[in-house]
Amino acid sequence: MTNFLQQCFNGLVSGSFYALLALGLAVIFGMLGVVNFAHGACYMLGAFGAYILLVEAGVTFWLALLIVPVVLAVFGMVLERLAIHRLRSLDPLYNFLLTFGVTLVLQDLVKREYGIQSQPYPQPRGLTGSVDLGLFSYPAYQVFVLVSSLVVCVAVWYVLTRTRVGMIVRAATERPDLTGALGINVGRWVTPVFGFGIALAGLAGVLAAPMRAVNPLMGADLVIAVFAVVVIGGLGSIFGSVVAGFGVGLLQALANLYAPTIAQTLVFLLMAIVLLWRPAGLFGREEAMA
Amino acid sequence: MRRTTTVAVAALSAGALLLTACGGRGGPASGGGGQQGAQISGDKIVLAVLNDQSGVYADLSGKNSVEAVKMAVDDFKAKYGDKAVSKNIEVVTADHQNKPDIANTKAQELYDRQQADVILDVPTSSAALAVANVAKAKKKIYLNVTAATTELTGKQCNKYTFHYAYDTYMLANGTGTTVTAEGGKNWYIVYPDYAFGQDMERSFSAAVQKAGGTVIAKDPTPFPNDNFSTFLLKAPGLSPKPDVIGTMQAGGDLVNLVKQYNEFKLREQGIKLSVGLMFITDIHSLGPDAFAGTQFTDAWYWNFDDQNRAFADKFKQRTGTVPTFAHAANYSAATQYLEAIQRAGSDGADDVVKQLEGYSFNDVFARNGKIRAEDHRMVHDAYLAEVKPASEAKADWDYEKIIRTIPADQAFRPVGQSGCTFS
Numbered sequence: 001m002t003n004f005l006q007q008c009f010n011g012l013v014s015g016s017f018y019a020l021l022a023l024g025l026a027v028i029f030g031m032l033g034v035v036n037f038a039h040g041a042c043y044m045l046g047a048f049g050a051y052i053l054l055v056e057a058g059v060t061f062w063l064a065l066l067i068v069p070v071v072l073a074v075f076g077m078v079l080e081r082l083a084i085h086r087l088r089s090l091d092p093l094y095n096f097l098l099t100f101g102v103t104l105v106l107q108d109l110v111k112r113e114y115g116i117q118s119q120p121y122p123q124p125r126g127l128t129g130s131v132d133l134g135l136f137s138y139p140a141y142q143v144f145v146l147v148s149s150l151v152v153c154v155a156v157w158y159v160l161t162r163t164r165v166g167m168i169v170r171a172a173t174e175r176p177d178l179t180g181a182l183g184i185n186v187g188r189w190v191t192p193v194f195g196f197g198i199a200l201a202g203l204a205g206v207l208a209a210p211m212r213a214v215n216p217l218m219g220a221d222l223v224i225a226v227f228a229v230v231v232i233g234g235l236g237s238i239f240g241s242v243v244a245g246f247g248v249g250l251l252q253a254l255a256n257l258y259a260p261t262i263a264q265t266l267v268f269l270l271m272a273i274v275l276l277w278r279p280a281g282l283f284g285r286e287e288a289m290a
Numbered sequence: 001m002r003r004t005t006t007v008a009v010a011a012l013s014a015g016a017l018l019l020t021a022c023g024g025r026g027g028p029a030s031g032g033g034g035q036q037g038a039q040i041s042g043d044k045i046v047l048a049v050l051n052d053q054s055g056v057y058a059d060l061s062g063k064n065s066v067e068a069v070k071m072a073v074d075d076f077k078a079k080y081g082d083k084a085v086s087k088n089i090e091v092v093t094a095d096h097q098n099k100p101d102i103a104n105t106k107a108q109e110l111y112d113r114q115q116a117d118v119i120l121d122v123p124t125s126s127a128a129l130a131v132a133n134v135a136k137a138k139k140k141i142y143l144n145v146t147a148a149t150t151e152l153t154g155k156q157c158n159k160y161t162f163h164y165a166y167d168t169y170m171l172a173n174g175t176g177t178t179v180t181a182e183g184g185k186n187w188y189i190v191y192p193d194y195a196f197g198q199d200m201e202r203s204f205s206a207a208v209q210k211a212g213g214t215v216i217a218k219d220p221t222p223f224p225n226d227n228f229s230t231f232l233l234k235a236p237g238l239s240p241k242p243d244v245i246g247t248m249q250a251g252g253d254l255v256n257l258v259k260q261y262n263e264f265k266l267r268e269q270g271i272k273l274s275v276g277l278m279f280i281t282d283i284h285s286l287g288p289d290a291f292a293g294t295q296f297t298d299a300w301y302w303n304f305d306d307q308n309r310a311f312a313d314k315f316k317q318r319t320g321t322v323p324t325f326a327h328a329a330n331y332s333a334a335t336q337y338l339e340a341i342q343r344a345g346s347d348g349a350d351d352v353v354k355q356l357e358g359y360s361f362n363d364v365f366a367r368n369g370k371i372r373a374e375d376h377r378m379v380h381d382a383y384l385a386e387v388k389p390a391s392e393a394k395a396d397w398d399y400e401k402i403i404r405t406i407p408a409d410q411a412f413r414p415v416g417q418s419g420c421t422f423s
């Protein structure tokens, strides 16, 4: 039983990353209708950002946790203004290709500078021990990751559902034309929302640095799984992406334990099943697909 | 997306295949150059390095292996001067992206269009075996350096394929046997679920059992994978509790696993970590302290003796980085290949094979090196190494302490067991 609970906990830690990334993708898709393939690369940039800050300037993990997402948000906004914005009137496939290209460029730039091998990143001081969770003890850092991810997800949910800004963003997501007709400048919100989605990916990257391999390809495989997560949750559904993120992480950990052979393909199997059963995803509405 | 990519890659490789087929038809004039004495096809020797130049093996081998081969060519020219069998020696290169289909196409292209006399390096077992088939069909020499599979000198061996540096038997035999003999009786093995991992798991299980240990559990893991907690948490609960976790992961996956192994503090719970295949670049990735005390088998270490250090210095001047064993082995393979041509006075594949088979030598990479005629395995002294804590390092990249030398005749799979018949 303890073992089972421990494994569930593992799954939730994996899910923390899925949820943060999926949340960013969902927000971006909802507002812009853009499938941002560069999300994995931004996650990688987040981890490298933390690494570079540490090596070049001695900036600690805690500061990096603040600085890196802000820098990436600015990067995201510039990218949106300079490139993505210009292709929005065309078929969504163009932006998909654009962001795929951006991914390759970013990966290769980092590869050029740091090579393919992983870079060392120490655990932050204060989180190196373990925490007693009653039934079992667990590495403090991983508990921290889980808690941070939950806090961020809840905060985003709160902002979107309980504040005026959130209301505007949600309205603009659902019916941009109607929202515009009510006198709200929808275009003004597009760029910050994109930047915010990218910042979430960067945050996930910083969180990953102490516990995962920091290398140029770290986001490349993850992003494919995260796409599946977003589809399972329902494209553009904020709530769905978070639930699906944690859910997929959980199921994957259990599959690792009980059915290792399917663990790797599990997320895609789930996606196929969900699509057959509910083509719009678990929490998606048909409208969101349009 | 995946499918689109797959289709695109498939289309590209099909295109490349067509090109090769057309290019191949013309073919270079083979053998029979009119010169008396030296018979060098096309009046030049072409060494081709086929490896991973952008993926997971790009740092431990990659472009710097090409540089190592160029170094070998320069040193060969300097050594023989006017007496060299040919002064016209070229090094060409291609990226196989670790994919067997691309490796297959590229190998054909290198042999046919670029007139390569030999293909070197080729990491990734599946790609390495694909190239072995091409070498066999084209009757051209192939010196594999960075792949791990024992199949190259086993059932899938052929007359033109040689295996340099290391293989899964060497790694398992060195590490598995020693760690078991030193008290790590109960093993829990985790391995990535693809050809290399499965091969490693078999080799390690066999070595552990032979040394009197037990493999109490083994689990295939997804590849690639960034969360190994499931397996690491399972370990202390196994009965009997394992003494050693044997990980067969490589590259980024290995780094993930070791980070998490340290987080779960398994060493403090009396479960040691043993790594199947480790390159010095892996130690560098995590910093030596994360690995300190971990034992593994190494094929070559730059800071082992003066000869190695001298090579490392020269290599560092050219590339800016310390050589891995793969770099040194590529240098050695290129050197021994050129020396064989020098002795044969010809670059005809059959003449060179005759010179390589049974040849014994010592060079900067291989101590007590010998190319076995029976299965084309190049055997040499291997080393049992331990990762030093950072406090004991005396120089940059000084990460290893060599515990003992495993003599060449014990380090590799005995001849009779290979199942190689050259049929």
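Line by line, the protein sequences are chains B and X.
Take the working numbering: the last position of the first sequence gets the number 290, and nothing is skipped along the way.
Take the working numbering: the last position of the second sequence gets the number 423, and nothing is skipped along the way.
Positions of the beta carbon are idealized from the N, C-alpha and C atoms, including for glycine.
Here B:MET218 has MET44 as same chain residues with Cβ atoms under 6 Å from its own Cβ, once five neighbours each way along the sequence are excluded. Residues of chain X whose Cβ lies closer than 7 Å to the Cβ of B:MET211 are, in chain order, LYS259, GLN260 and GLU263. Ranked by Cα distance from X:LYS99, the options X:ILE371, X:ASP52 and X:VAL352 are led by X:ASP52. Residue-level contact check: B:THR60 does not touch chain X, since none of the beta carbons of chain X fall below 9 Å from its beta carbon.
Under the three-state reduction of DSSP output, X:ARG377 falls in the strand class. If you draw a straight line from the Cα of X:LEU50 to the Cα of B:LEU90, it is about 41 Å long. Taking 8 Å as the upper bound for CB-CB distance, X:GLY252 and B:ALA213 are in contact here, some 4 Å apart. DSSP links X:GLU386 through a beta bridge to X:GLN295 and X:LYS401.
For the segment 87-119 of chain B, the residues whose beta carbon sits under 9 Å from a beta carbon of chain X are, in order, PHE96, PHE100, ASP108, LYS111, GLY115, ILE116, GLN117, SER118 and GLN119.
Here the C-alpha atom of X:GLY237 lies approximately 15 Å from the C-alpha atom of X:PHE228. It is roughly 42 Å from the alpha-carbon of X:ASN158 to the alpha-carbon of X:THR230. Taking the C-beta atoms as reference points, B:PRO92 is found nearer than 9 Å to B:GLY33. For X:PRO224, the closest Cβ of chain B is nearer than 9 Å. Per DSSP, the unbroken alpha helix (DSSP H) holding X:LYS106 starts and ends at 100-112. For the pair B:LEU63 and B:GLY46, the Cα-to-Cα distance works out to about 13 Å. Assignment of beta-bridge partners to X:TRP187 by DSSP yields X:VAL215 and X:VAL244.
Using a 10 angstroms sphere on the CB of X:ASP298, the tally of other CB atoms reaches 16 or more, which defines it as buried.
Residue environment: B:LEU178 is assigned as exposed (fewer than 16 neighbouring CB atoms within 10 Å of its CB, all protein chains considered).
Where X:SER65 is concerned, the enclosing alpha helix (DSSP H) starts and stops at 62-80. As a beta-bridge residue in DSSP terms, X:LYS370 pairs with X:SER360 and X:VAL379. If you draw a 10 Å sphere on the C-beta of B:LEU250, you find 16 or more other C-beta atoms in it, and that means buried.
In terms of Cβ geometry, X:ASN186 and X:PRO242 form a close pair [threshold 9 Å].
Closer than 9 Å to the CB of X:PHE231 there is at least one CB belonging to chain B. In the three-state reduction of the DSSP assignment, X:THR146 falls in the coil class, being assigned neither a helical nor a strand state.
The alpha-carbon separation between X:GLN97 and B:ALA280 amounts to approximately 36 Å.
The C-alpha of B:PRO124 lies about 57 Å from the C-alpha of X:ALA349. At least one C-beta of chain B is nearer than 9 Å to the C-beta of X:HIS284. Fewer than three beta-carbon pairs drawn from the segment 70-84 of chain B and the segment 110-127 of chain B are found closer than 8 Å, and the two stretches are therefore not classed as touching. For B:LEU217, the nearest beta carbon of chain X is closer than 9 Å to its own beta carbon.
B:ALA172 is the residue among B:VAL190, B:TRP189, B:ALA172 and B:ASN36 whose C-alpha sits nearest the C-alpha of B:LEU182.
Taking a contact to require three or more Cβ pairs closer than 8 Å, the segment 234-249 of chain B and the segment 132-145 of chain B do not qualify as touching. Nearest to X:GLU201 by alpha-carbon distance, out of X:TYR191, X:VAL118 and X:THR161, is X:TYR191. If you check the CB distance, X:LEU60 and X:ALA326 come in under 9 Å. The CB of X:ASP219 comes closer than 7 Å to the CB of PRO260 in chain B, given here in chain order. Counting of Cβ neighbours within 10 angstroms places X:PHE296 among the buried residues, the total reaching 16 or more.
Among the residues of the segment 12-30 of chain B, those with a Cβ less than 9 Å away from any Cβ of chain X are VAL13, SER14 and PHE17, in the order of the chain.
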